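Chemist: If you read the sequence shown in my numbering, its first letter stands for residue 115, the second for the next number, and so on.
Every residue gets a Cβ at the ideal spot worked out from N, C-alpha and C, and that includes glycine.
Model, not experiment: these values are computed from the prediction.
Pasting in a structure now, in structure tokens, and then I'll have a few things to ask.
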Amino acid sequence: MTLHNEDLWQAFGLCDPVPMISAQSLGVAVEDATCRAEELRLSIGADQMARAYWCRPQDTTGPTPAVLLIHAHGNRYDIGAAEVINGRPALFAPTGRALAARGIASLCLDMPCFGSRAAQSETATTKALLWEGRSLAGQMLAENLAAVQWLAARPEVRADRIGVFGLSMGATLAYWLGALEPRLRAVAHECCFADYRQLIALGQHDLHGIYLTVPGLLARASNGQIAGRIAPRAQFIGLGDLDPLTPPAATAPALDQVRAAYAQHGGRLAIHREAASGHLETPAMHRAMLDFMASALA
């Protein structure tokens with residue numbers, strides 16, 4: 115079956131055009147030798163507000179590459195976008211600061227139900243959206259599509275050098291977004307790449323959050339097919355074989371499909387796999403991802 119872009123837009127309940135973002139600076143949140151991070155208040159479309167962090171490398175002399183960072187879940191609704199400057203247990207280091215040290219800017223916004231938006235629960239939000247024929251994942255994707263648009267319009271950003279990165283929840287949203295948004299030159303994701311039908315067969319699908327519930331998705335595409343649409347653009351996949359959310363039996367068919375897409379269309383596919391690692395970014399995975407992103411956006 116050929117997977118078309120309109121199939122994915124319909125599957126995720128997305129509308130074109132995506133919502134517009136306007137930003138107000140709330141001041142500097144972090145400033146050190148390599149990174150200057152501002153806290154922003156974003157207005158997204160007509161009715162959504164969110165906190166975001168806008169990290170830029172110090173001592174820049176013109177527009178820089180940029181990465182949209184999509185934060186993880188981890189049942190830590192309090193963290194949200196702050197992981198890019200403060201870190202979280204599953205990350206080896208705060209990604210926004212690490213990218214700034216490599217000369218790369220980054221933006222991360224609180225997803226619905228996280229950080230500044232944690233007043234409404236994930237289950238309540240998901241149920242309300244499903245009754246409207248929409249999904250929480252679809253809303254998250256729409257907001258991140260708007261964030262790519264915002265980044266591409268920034269004078270400080272090289273619009274032809276934009277990437278996306280996420281771990282766990284952020285990983286799934288990153289490769290789904292990469293399939294939808296052709297302006298993303300590089301896509302990197304860690305600890306959440308698996309075939310959902312295999313997860314269901316193994317009985318491990320319920321370890322994932324309810325935000326992932328997209329009605330009818332499997333009738334349209336598998337995750338391997340979706341990630342394969344990123345080819346020939348650069349893609350990094352980080353996995354730990356001891357991760358219960360991505361057991362090898364469920365990652366295998368997804369990896370086979372994405373490898374086949376790159377064999378057909380060309381491009382750079384980097385798979386970083388660790389036999390003794392679980393659901394976290396290891397030091398080696400962190401360095402490999404940063405090297406990949408710096409190279410792909412150079």
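Are W255 and L294 close, meaning C-beta to C-beta below 8 Å?
Modeler: For clarity, residue 255 is Leu in the given sequence; the question names Trp instead. Contact flag set, yes.
Chemist: I need the DSSP call for S249, collapsed to helix, strand or coil.
Modeler: coil
Chemist: Look up S230 in the DSSP assignment and say whether it is helix, strand or coil.
Modeler: Correct three-state label for S230: helix.
Chemist: If you drop the 5 nearest sequence neighbours on each side, which residues of the same chain put their C-beta closer than 7 Å to that of L140?
Modeler: Around L140: E153, L154 and R155.
Chemist: Kindly give me the distance between the Cβ atoms of V328 and S249, rounded to whole angstroms, as I take these residues to be in contact under 8 Å.
Modeler: 5 Å
Chemist: Assuming A384 is part of the beta strand (DSSP E), what are its boundary residues?
Modeler: Here the beta strand (DSSP E) through A384 covers L383 to E388.
Chemist: Assuming the contact rule is C-beta atoms closer than 8 Å, A348 and A300 should be a hit. Round their C-beta distance to whole Å, please.
Modeler: 4 Å
Chemist: Roughly how many angstroms lie between the CA atoms of L213 and A125, to the nearest whole one?
Modeler: 32 Å
Chemist: Express the C-alpha separation of R311 and A333 in angstroms, rounding to a whole number.
Modeler: 11 Å
Chemist: So the candidates are A166, H393, P296 and R297; which of them puts its Cα closest to the Cα of S230?
Modeler: Of A166, H393, P296 and R297, the smallest CA-CA separation from S230 is found for A166.
Chemist: Rounded to the nearest angstrom, how far is the Cβ of H187 from that of C305, given a contact under 8 Å?
Modeler: The pair is not a contact, with the Cβ atoms about 11 Å apart (cut-off 8 Å).
Chemist: Would G342 and D370 be called neighbours here (beta carbons separated by less than 8 Å)?
Modeler: no
Chemist: Helix, strand or coil, according to DSSP, for P397 in the structure here?
Modeler: helix
Chemist: Need the endpoints of the beta strand (DSSP E) that L316 sits in, please.
Modeler: First-last for L316: Y310 to L316, but that is the alpha helix (DSSP H), not the beta strand (DSSP E).
Chemist: Under a three-way DSSP split, which group does I276 fall into?
Modeler: strand
Chemist: To the nearest angstrom, report how far apart E246 and Y191 are at their CA atoms.
Modeler: 24 Å
Chemist: Quick check on this structure: which residue in I199, A261, G317 and R382 has the alpha carbon closest to the alpha carbon of A302?
Modeler: R382
Chemist: Taking the alpha carbon of I218 as the point to measure from, which residue in M283, G277, A368 and P346 has its own alpha carbon closest?
Modeler: G277
Chemist: As an exercise, report each continuous alpha helix (DSSP H) stretch of at least 4 residues that is fully enclosed by the region 119-180, in chain order.
Modeler: List check, alpha helix (DSSP H) in window: 119-125.
Chemist: Identify whether F466 lies in helix, strand or coil by the three-state DSSP scheme.
Modeler: Past the edges of the chain, shown from 115 to 412, lies residue 466, and the structure says nothing about it.
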